[in-house]
Each structure stands twice: as C-alpha cells, then as structure tokens.
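Student: Note that this note's numbering has the sequence shown beginning at 776, numbered continuously upward. The C-beta atom is built at its ideal place from N, Cα and C for all residues, glycine as well. Just so we're clear, the structure is a prediction, and the values are computed from it rather than from any experiment. Please see the structure below; I have some questions.
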Amino acid sequence: MDKTSQNQELLVENLLDELTNIEMTMEVSASSPERLPKKNKRLKTDSDTSLNINQLDERIERLEKDNKILRESLDKVLQISTTILNLLPSSPPNN
Numbered sequence: 776m777d778k779t780s781q782n783q784e785l786l787v788e789n790l791l792d793e794l795t796n797i798e799m800t801m802e803v804s805a806s807s808p809e810r811l812p813k814k815n816k817r818l819k820t821d822s823d824t825s826l827n828i829n830q831l832d833e834r835i836e837r838l839e840k841d842n843k844i845l846r847e848s849l850d851k852v853l854q855i856s857t858t859i860l861n862l863l864p865s866s867p868p869n870n
C-alpha cells in the first residue's frame, strides 16, 4: 500500500471515529434524565402556575442547547461526508 493510500485510510478511520463521537454525544444529550418528560400535575394555585412557567422556560433553554448541539453535529457529519466523497476515485476501478 502506498503512502497516499495509507494516509487516506487513516483519515477515513479518524473521520469514522469522529462520527462515533458525534453519535455518542447526541445519545447522551437525548437520554439525560432532565430531558425526559415529567408527570403532569394539575395546577391549583398561581404559584403552581408560576413554577410551571419557570419549568417550561428551563425546558426551552435545554431544547435550544440540544438544537445547537444537533446543528453542530450535522455540520460535522456533512464535512466528514464531503471529505470521504472527495477521497473516492472519480472513476470506478477497472475489473
């Protein structure tokens, strides 16, 4: 195997590792206990309503953070995919 092929193989391995890291990051974010829905309680007072609004605000903040992580991860996946495509030969090998 020539040096270029070795470098390309190493690059692809690194890119696949990066994809695995992205996947694990997204799984951890999605399975975090604070992300799981909580039982809905019947509101009885104004303070309960206030508390519920604060919980919704916190949930929105977490979702915005998750959205940012997802967008960054998708950008990385696109870059990695493009890099891998650029490594492929432009014409199919002859049999």
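Considering only the alpha carbon of each residue, which of Thr824, Ile828, Ser856 and Lys851 lies closest to threonine 800?
Tutor: Cα-wise, what sits closest to threonine 800 is Lys851.
Student: For serine 848, which of Glu798, Ser780 and Pro864 has the nearest alpha-carbon?
Tutor: Per the Cα distances, Glu798.
Student: Starting from the N-terminal side, write out each stretch of the alpha helix (DSSP H) that is 4 residues or longer and does not extend beyond the region 817 to 858.
Tutor: For the region 817 to 858, not a single whole alpha helix (DSSP H) run of length 4 or above is found.
Student: Taking only the alpha-carbon atoms, compute the straight-line gap between aspartate 832 and lysine 843 and give it to the nearest angstrom.
Tutor: Taking the straight line joining both Cα atoms gives about 17 Å.
Student: Output the distance between the C-alpha atoms of leucine 853 and asparagine 796, rounded to the nearest integer angstrom.
Tutor: Their Cα atoms are separated by approximately 15 Å.
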